[in-house]
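Quick notes on the structure that follows.
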Amino acid sequence: MDLQKMQGIADGIRQRVLAHTLANNGGYMSQACSAAELLGAMYGGVLNLAPVSEPINPPFFKGVPVVGTASVKEYLTGAQFHGAKGPNFDRFIISPAHYALVVYAALIETDRLREDGLDFFNKDGSTVELIGAEHSPGFETTTGSLAQAISQAGGIAIARKIRKESGKTWVFMSDGEFQEGQTWEAFQAAAFHKLDKLRVIVDVNQGQCDGPMDSVMSIEPLVGRVKAFGWSASVVDGHDLDAITQACALETGHPHVVLCYTDPVRGLPLLNERRPVLHYLRFKSKEEQAKYELAYKEMVK
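This is the structure:
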């Protein structure tokens, strides 16, 4: 694994998301800070995805699928940004749809989404949505309200197991989803069906929209709970690319989860001023925005 390449992707994610946040007075900045290395590792080499011939132009939304007598017409998903599907390739399901901006930045950094892709962000008629849906770049399914991706990925993994496909099915999750009952039902089902090619990587940034996890509803001891549901688990520093890649490469004979404990202000310590609620960054004044503009200049040096 090229750890230097992965770190370059991670650094690029933070820079792009901060630049976008400055230009639009809003963005999911703490998610970029916490998950940059996770997505840098995944898109930088952990995932076995088919290549794309060139960065893809995000298509415009054509409307909801039209159900005919025998087929669904005009059905559009963001899976094309992960390349062609095949029995040997991995599938990557994005669970926290509010991380969409971070995912788009990762796709641009890895030449899967065109360089100006964020210019279409949250515009009328665009698939580059604020909250990712099944037609958004990199999103294969709609996973909201929240915590539905594990169930969806479990179904995909069962089908792939029946077909004897060698590719893995991956899910990227946020730790807040462990406050949802559906997550635990899906974990239990995956263990029961012995889905040993199902993998989950989790951004454990210990925060959610209402504040710190331990003040809303604690999920710890998370690793013990995951193992109690029949999964194997690794606990790593979510900014240590070597540790992340080694944990992702493990073959345990069980569905496996990589719990990446992360810092939601990594690379942008100015965000500490926003604690304890870090979920979304919108500037309170021109003076505050100016401080972030200076931080951006420092970041891109």
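In terms of our numbering, the sequence shown opens at residue 1331 and continues consecutively.
Beta carbons: idealized from backbone N, C-alpha and C, even for Gly.
The structure displayed is predicted, hence computed values, not measured ones.
Cβ-based burial, Y1405 [other Cβ within 10 Å; buried from 16]
exposed
Problem set entry | Where N1387 falls, given that 16 or more other Cβ within 10 Å makes a residue buried | exposed
*If you pair each beta-carbon of the region 1505–1515 with each one of the region 1465–1478, do three or more pairs fall below 8 Å?*
yes
Measure the C-alpha to C-alpha separation of G1597 and N1355 and round it to an integer number of angstroms. 19 Å
Determine, using beta-carbon pairs with one atom in the region 1487–1500 and one in the region 1452–1472, whether at least three such pairs fall under 8 Å. no
Run through DSSP, which three-state label would G1356 get? coil
Cutting at 6 Å between CB atoms, please list the residues of its own chain near E1495, excluding the five before and the five after it. P1417
task = Use the C-beta contact count for N1602: other C-beta atoms within 10 angstroms, 16 or more gives buried, fewer gives exposed.
result = exposed
Exercise. Near R1346, what residues of its chain come up, given a Cβ to Cβ distance below 6 Å and the 5 sequence neighbours on each side ignored?
Worked result: A1435
Could you tell me which residues DSSP pairs with C1590 in its beta bridges?
D1533, V1566
Residues bridged to S1504 by DSSP? D1533
Please work out which residues of its chain come closer than 7 Å, Cβ to Cβ, to Y1358, disregarding the five sequence neighbours upstream and downstream, and give them in chain order. H1428, Y1429, L1431, V1432, Y1610
Fill in: Local conformation of G1541 per DSSP, three classes
strand
Check: Can you tell me whether C1539 is buried or exposed, with buried defined as 16 or more other CB within 10 angstroms of its CB?
Finding: exposed
Q) Would you say the region 1361–1368 touches the region 1583–1597, given that touching needs at least three Cβ pairs under 8 Å? A) yes
Could you check the C-alpha separation between L1348 and K1616 for me, to the nearest Å?
16 Å
Check: Which of the three DSSP states, helix, strand or coil, is assigned to T1575?
Finding: helix
*Which first and last residues belong to the alpha helix (DSSP H) in which F1522 is found?*
1511–1522
Can you name the start and end residues of the beta strand (DSSP E) that I1424 belongs to? 1421–1424
- Message: In this structure, how does DSSP classify T1407 when only helix, strand and coil are distinguished?
- Response: coil
message = I need the DSSP call for I1339, collapsed to helix, strand or coil.
response = helix
Would you call the region 1545–1565 and the region 1443–1463 touching, i.e. three or more CB-CB distances under 8 Å?
no
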